[in-house]
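Notes for the one structure printed next.
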Amino acid sequence: MTVKTMHTQDVKELLEKVAGFDQQGGNDRYKKIIHRLVGDVYRLIEDFDVTPDEFWHAVNYVNRLGQNGEAPLLAPGLGFDHYLDIRMDAEDAERGLTGGTPRTIEGPLYVAGAPISDGYARMDDGSEDAETMIVTGVVRDQNGQPLKEAVVDIWHANTKGGYSYFDTSQSEYNLRRRIRTDENGRYVARSIVPSGYGCPPEGATQAVLNQLGRHGNRPAHIHYFVSKPGYRHLTTQINLAGDKYVYDDFAFATREELVIDAERVEDPSRAEAYGLNGPFTEVVFNVDLVSTDDATLQDRHTRARALEGEAG
Ligand code: DHB
Ligand code: FE
2 MTVKTMHTQD
12 VKELLEKVAG
22 FDQQGGNDRY
32 KKIIHRLVGD
42 VYRLIEDFDV
52 TPDEFWHAVN
62 YVNRLGQNGE
72 APLLAPGLGF
82 DHYLDIRMDA
92 EDAERGLTGG
102 TPRTIEGPLY
112 VAGAPISDGY
122 ARMDDGSEDA
132 ETMIVTGVVR
142 DQNGQPLKEA
152 VVDIWHANTK
162 GGYSYFDTSQ
172 SEYNLRRRIR
182 TDENGRYVAR
192 SIVPSGYGCP
202 PEGATQAVLN
212 QLGRHGNRPA
222 HIHYFVSKPG
232 YRHLTTQINL
242 AGDKYVYDDF
252 AFATREELVI
262 DAERVEDPSR
272 AEAYGLNGPF
282 TEVVFNVDLV
292 STDDATLQDR
302 HTRARALEGE
312 AG
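Take any residue in the sequence shown, count from 1 to its spot, add 1: that is its number in this note's numbering.
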């Protein structure tokens with residue numbers, strides 16, 4: 002059927018009432034956004050001739066998405082996180098805040114309050130028989146000067162692609178640490194080489210991806226928040242070069258500058274320099290921060306995060 006009702010006075014009035022346009026209370030911006038959003042969905046139903054069966058299937062889907070806590074997993078899969086990055090990059094350019102290490106998406110799996118230490122941290126609890134990884138680098142300003150006491154907050158998956166806290170089989174804060182850079186701007190993390198991540202195969206996010214003919218995989222990656230008063234907060238992540246999904250990330254987080262070689266090191270003297278006694282994989286990631294006086298740019302965005310706002 003091809004009935005058209007969007008143009009009718011009935012639908013126009015319905016939408017205005019839905020959005021509370023005839024009410025004093027509430028929030029004007031919110032009303033306008035709901036008016037637009039609901040109107041766009043009505044129009045979609047008309048244009049695609051969505052049947053009641055299809056509509057109720059979709060409502061039930063949203064319910065399931067929420068029950069599984071997967072809404073913040075679906076968002077990057079639909080490119081929303083990357084789209085917000087594109088907007089923030091354009092805003093930065095407009096402000097003249099160019100240069101520095103590029104941002105990329107946070108993802109849904111950060112946990113606030115990881116243990117903090119100076120210069121060095123071991124991130125893994127030793128429970129996995131895995132390749133040792135050293136992740137190191139220098140945090141610098143735009144002129145290449147090292148920045149001491151910058152906080153480098155790192156998190157990544159284990160060899161099965163699971164993140165502690167969300168994967169309850171892992172110990173508390175496993176593979177999550179905050180490191181303050183030393184007087185030379187350097188941080189050193191000892192950890193294990195992570196595996197790529199895959200969306201839960203039976204989950205609500207993967208269900209959508211299946212309909213789109215897409216996979217739900219991410220390359221092996223390491224997340225970073227890097228901050229220091231006086232500098233723009235940086236949310237980013239690096240991909241380990243060579244992973245088959247580096248240029249095929251379902252969450253669209255890859256940026257060329259953030260694809261980093263993971264070097265296998267067999268030289269005993271280099272192992273010794275990190276207190277290791279065997280071969281390891283070294284990942285070097287230097288971070289360049291951009292200075293700003295704008296305090297609102299110096300902190301990460303407000304967002305619901307695990308344990309955010311709790312002690313620690
Ligand atoms: C998702 C998982 C990640 O590890 C990540 O970094 C980004 C997104 C996700 O499940 O959507
Ligand atoms: Fe991740």
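For glycine and all other residues, C-beta sits at the position ideal for the given N, C-alpha and C.
First and last residue of the uninterrupted beta strand (DSSP E) at residue i
| i | result |
| --- | --- |
| THR105 | That residue, THR105, is in no beta strand (DSSP E); it is neither H nor E in DSSP. |
| ASN240 | 235-241 |
| PHE281 | 281-285 |
| ALA263 | 263-266 |
| VAL189 | 187-193 |
| ALA122 | 121-123 |
| ARG177 | 177-181 |
| GLY138 | 133-141 |
| VAL152 | 152-157 |
| HIS224 | 222-228 |
Top-ranked residue by Cα proximity to residue i, from the options
| i | options | result |
| --- | --- | --- |
| ALA72 | PRO269, PRO201, ASP244, GLU309 | PRO201 |
| ILE87 | THR255, ALA272, ARG265 | THR255 |
| THR137 | ASP48, ILE239, VAL12 | ILE239 |
| VAL260 | ASP82, GLY114, PRO220, ASP90 | PRO220 |
| ARG265 | PHE253, GLY279, GLY114, TYR84 | GLY279 |
| GLN299 | GLU309, GLU311, LYS229 | LYS229 |
| VAL39 | LYS13, PRO53, GLU55, GLN24 | LYS13 |
| ARG123 | ARG301, GLU309, TYR275 | TYR275 |
| ARG37 | LEU15, THR52, PHE56, ASP54 | LEU15 |
| VAL140 | THR169, ASN61, TYR225 | TYR225 |
Nearest-angstrom beta carbon gap, residue j and residue i [assumed within contact, 8 Å]
| i | j | result |
| --- | --- | --- |
| GLN143 | SER292 | 7 Å |
| VAL236 | GLU107 | Here residue 236 is Thr; the residue named in the question, Val, does not match the sequence. The Cβ separation is near 5 Å, so the contact holds. |
| GLY204 | ASN28 | Not a contact, Cβ separation roughly 33 Å. |
| ILE35 | ALA20 | 5 Å |
| GLY217 | GLN207 | 5 Å |
| VAL288 | THR102 | 5 Å |
| TYR246 | GLY197 | 6 Å |
| ALA307 | VAL112 | 4 Å |
| GLU17 | ASP11 | Incorrect: roughly 11 Å between the Cβ atoms, too far for contact. |
| GLU158 | PRO116 | Before going on, a small fix: residue 158 reads as Ala here, not Glu. Contact doesn't hold; Cβ gap of about 18 Å is too wide. |
| ALA272 | LEU241 | About 20 Å; that fails the 8 Å criterion. |
| ASP114 | GLU311 | The question names Asp, but residue 114 is Gly in the sequence shown. The Cβ separation is near 6 Å, so the contact holds. |
| GLY199 | GLY162 | 6 Å |
Residue range of the alpha helix (DSSP H) that includes residue i
| i | result |
| --- | --- |
| ILE270 | The residue you asked about is not Ile; residue 270 is Ser in the sequence shown. SER270 -> alpha helix (DSSP H) spans 269-274. |
| THR206 | 205-213 |
| ASP90 | 81-96 |
| PHE56 | 53-68 |
| ARG37 | 29-48 |
| GLY78 | 72-78 |
| ASP11 | 10-19 |
Proximity of residue i and residue j at Cβ, strictly below 8 Å
| i | j | result |
| --- | --- | --- |
| ARG179 | VAL153 | yes |
| PHE286 | ILE135 | no |
| ARG187 | GLY120 | yes |
| ARG104 | GLU150 | no |
| TYR164 | LEU110 | yes |
| LEU290 | VAL189 | no |
| ASN175 | ASP125 | yes |
| LEU98 | ARG233 | yes |
| MET2 | ASP50 | yes |
| GLY78 | LEU210 | yes |
| SER118 | SER172 | no |
| PHE253 | GLY80 | yes |
Local Cβ density within 10 Å of residue i, reported as buried at 16 or more and exposed below that
| i | result |
| --- | --- |
| TRP156 | buried |
| TYR31 | exposed |
| VAL63 | exposed |
| SER192 | buried |
| THR303 | exposed |
| VAL4 | exposed |
| LEU45 | exposed |
| ASP250 | buried |
| ASP294 | exposed |
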